[in-house]
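In what follows, a single structure is set out as structure tokens and then discussed.
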Amino acid sequence: MSPSTDTNWRYGVYLFPLPLLLGLVAVGGMWAFVALTSSGSFSEADALAGIAAFLLTVAGSWLAILFGGLVAVSTFMDARALADRGWWSPNRYAVGAVGLLHLVATQVLPLSLLSTPLLGYYCYRRHQRVP
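Quick note on my numbering: the sequence shown kicks off at 168 and runs consecutively.
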């Protein structure tokens, strides 16, 4: 089975909430880092907590980008595979644009208010249309 007709791309699409959650973890780490560094007390425990919050921010951001890219590629490839099989023919470019919007939303979190429901709707319609 060629990669373009493999319907297992749906598993990558189903990860769509993960980049949003990782983005929220990164924002939480950033807020913790700012709170710890601006508190005025500079104990060793505060320094370690600040470093941990910084690492949480970096790890959350990069993992959000990684999974956002996976979702973006998976949405396009899933729409392409469904059209090739003839089961359902969503507009693969519109679906790919939603995937790219979701990738951008990993760093601009308010865009998640648009991309996450759209991907949820895509998954819902896919579940209805595909055997």
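For glycine and all other residues, C-beta sits at the position ideal for the given N, C-alpha and C.
Item	Value
Test: G236 CB closer than 8 Å to a CB of chain C	Protein chain content of the structure displayed is limited to a single chain, and chain C is not contained in it.
Under the three-state DSSP convention, the category L285 falls into	helix
Rounded separation between F221 and S205 - CA only	14 Å
Given 8 Å, three or more beta-carbon pairs between the segment 235–249 and the segment 177–195	yes
Span separating the alpha-carbon of T273 from that of G207	31 Å
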